[in-house]
Amino acid sequence: HEKAEKLEFYRDEEEYIRRPKRPPKPRTRKYESDEEYQARLREWEALLPHEQVVKPKGNGMTQKYYTERLLPVYIEAI
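Per the working numbering, the sequence shown starts with residue 34, numbered consecutively.
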C-alpha cells in the first residue's frame, strides 16, 4: 500500500449562531398603572436570552465538508 501524499485531519470549522426562543411579552394587567407596566416591560427586555455561538462537538463530519474537501482526493486516487 502507498502512503498518502497529504495527511489531512478533520476539523469542522463551521460555527453558527443559535437564537433561543423568546419568552412571551408581558401583557397589561387590569389594575396596573402605566409606570408599573413599563417597569415590567424593561425587566422583561433585560432578561431576554442572548444569541449563542455554537461550536460543533465531537468529530461528526458534515456532508458538505466531505464532498468539498475529502471526496476529490479519493476521486483523484482512483
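Positions of the beta carbon are idealized from the N, C-alpha and C atoms, including for glycine.
8 Å or more divides the Cβ of Arg52 from the Cβ of Leu81. No residue range can be given for Arg55, since it is assigned to no beta strand (DSSP E) and is classified by DSSP as neither H nor E. DSSP lists Arg51 as the bridge partner or partners of Gln85. Look at Leu80 here: in three-state DSSP terms it is coil, with no helix or strand label. In this chain, the alpha helix (DSSP H) harbouring Ile108 covers Leu104 to Ala110.
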